[in-house]
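Chains as they are written, first to last, in our numbering: chain G, 728 to 840; chain U, 139 to 251.
Just so you know, even glycine gets a beta-carbon here, dropped at the ideal spot from N, CA and C.
As the structure is a prediction and not an experimental result, all values here were calculated from the model.
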């Protein structure tokens, strides 16, 4: 089973809303990632958690707040987003970072209005 | 940091022909090179990968080659089928330092029936 599950699949939120994206994997992976993908562009790394600790923050604005409650779950808390934050948000996981196979979820299509 | 360049940006082939997509990377410390296929509305799917201690890897109709000296790697798809139509991304990562994937810009492959 190489499944990474993301919820919700679609999300529309206003600029004053607070929402959360969720990601779950049961492969025993110890590294989890958030990527942002704009249309016709490659995924861009946002955050990396390694053994439930934040190891990489790619200078992401504080309106995006990641959380890793346990080794199977990864959340992305959203607050006061801008319309330009509309994108596909992808979660991925791997055994460890580096040269371990990374598996992606289907993504959450976020629209900020 | 790592920079991955990918060419061509679009590729159109007739069904049954071969398709080749090429990538170059900048950081000689990179040692893991996966390829992802992304269909419309879905997350990237890992289709094949290669590590720096191997020069070539094949899985049925797809193969990947790596030239460490020249710092480039390529995806070869033989006997293309309409269902191969998608966006393909190459990526690179390493098991030290920034242990996360850096993606190429993507290639949109269209297989004409």
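My understanding is that residue i touches residue j, with C-beta atoms under 8 Å, so please give their C-beta distance in whole angstroms.
| i | j | result |
| --- | --- | --- |
| residue 754 of chain G | residue 820 of chain G | 7 Å |
| residue 185 of chain U | residue 195 of chain U | Residue 185 of chain U to residue 195 of chain U, Cβ: 11 Å. No contact. |
| residue 144 of chain U | residue 242 of chain U | 3 Å |
| residue 758 of chain G | residue 777 of chain G | 5 Å |
| residue 809 of chain G | residue 839 of chain G | 6 Å |
| residue 148 of chain U | residue 246 of chain U | 5 Å |
| residue 831 of chain G | residue 139 of chain U | In fact, because the Cβ distance is near 21 Å, the residues do not count as touching under 8 Å. |
| residue 824 of chain G | residue 237 of chain U | 3 Å |
| residue 735 of chain G | residue 244 of chain U | With 8 Å as the limit, residue 735 of chain G and residue 244 of chain U do not qualify as a contact, their Cβ atoms being about 25 Å apart. |
Have a look at the options and flag the residue whose alpha-carbon is nearest the alpha-carbon of residue i.
| i | options | result |
| --- | --- | --- |
| residue 169 of chain U | U:217, U:142, U:185 and U:201 | U:142 |
| residue 211 of chain U | U:164, U:154, U:152 and U:149 | U:164 |
| residue 767 of chain G | U:227, U:250 and U:221 | U:227 |
| residue 220 of chain U | U:152, U:146 and U:148 | U:152 |
| residue 773 of chain G | G:780, G:839, G:752 and G:784 | G:784 |
| residue 733 of chain G | G:746, G:752 and G:739 | G:752 |
| residue 817 of chain G | G:775, G:744, G:756 and G:743 | G:775 |
| residue 229 of chain U | G:806, G:743 and G:771 | G:771 |
What's the gap between the Cα of residue i and the Cα of residue j?
| i | j | result |
| --- | --- | --- |
| residue 157 of chain U | residue 171 of chain U | 18 Å |
| residue 802 of chain G | residue 829 of chain G | 18 Å |
| residue 235 of chain U | residue 750 of chain G | 25 Å |
| residue 191 of chain U | residue 240 of chain U | 19 Å |
| residue 835 of chain G | residue 761 of chain G | 11 Å |
| residue 822 of chain G | residue 174 of chain U | 18 Å |
| residue 763 of chain G | residue 214 of chain U | 27 Å |
| residue 737 of chain G | residue 814 of chain G | 10 Å |
| residue 179 of chain U | residue 833 of chain G | 8 Å |
| residue 741 of chain G | residue 202 of chain U | 44 Å |
| residue 224 of chain U | residue 248 of chain U | 7 Å |
| residue 154 of chain U | residue 222 of chain U | 11 Å |
| residue 200 of chain U | residue 217 of chain U | 9 Å |
| residue 160 of chain U | residue 146 of chain U | 7 Å |
| residue 251 of chain U | residue 193 of chain U | 32 Å |
| residue 746 of chain G | residue 198 of chain U | 43 Å |
| residue 812 of chain G | residue 837 of chain G | 8 Å |
| residue 800 of chain G | residue 739 of chain G | 22 Å |
| residue 231 of chain U | residue 826 of chain G | 6 Å |
| residue 166 of chain U | residue 183 of chain U | 25 Å |
| residue 790 of chain G | residue 782 of chain G | 18 Å |
| residue 731 of chain G | residue 748 of chain G | 13 Å |
| residue 804 of chain G | residue 788 of chain G | 12 Å |
| residue 780 of chain G | residue 756 of chain G | 13 Å |
| message | To test your reading of the DSSP string, which unbroken beta strand (DSSP E) runs of 3 or more residues are found completely within the stretch 744 to 832 of chain G? | response | Every beta strand (DSSP E) of 3 residues or more that sits fully in the stretch 744 to 832 of chain G is shown, in chain order, as 745 to 752, 758 to 764, 771 to 777, 780 to 784, 791 to 797, 800 to 806 and 814 to 821.
| Touch test, the stretch 782 to 795 of chain G against the stretch 197 to 206 of chain U, Cβ-Cβ under 8 Å, three pairs minimum | No, the stretch 782 to 795 of chain G does not touch the stretch 197 to 206 of chain U.
| query | What runs of the beta strand (DSSP E), each 3 residues or longer, lie entirely inside the stretch 170 to 216 of chain U? | reply | 170 to 176, 183 to 189, 194 to 197, 200 to 205 and 210 to 215
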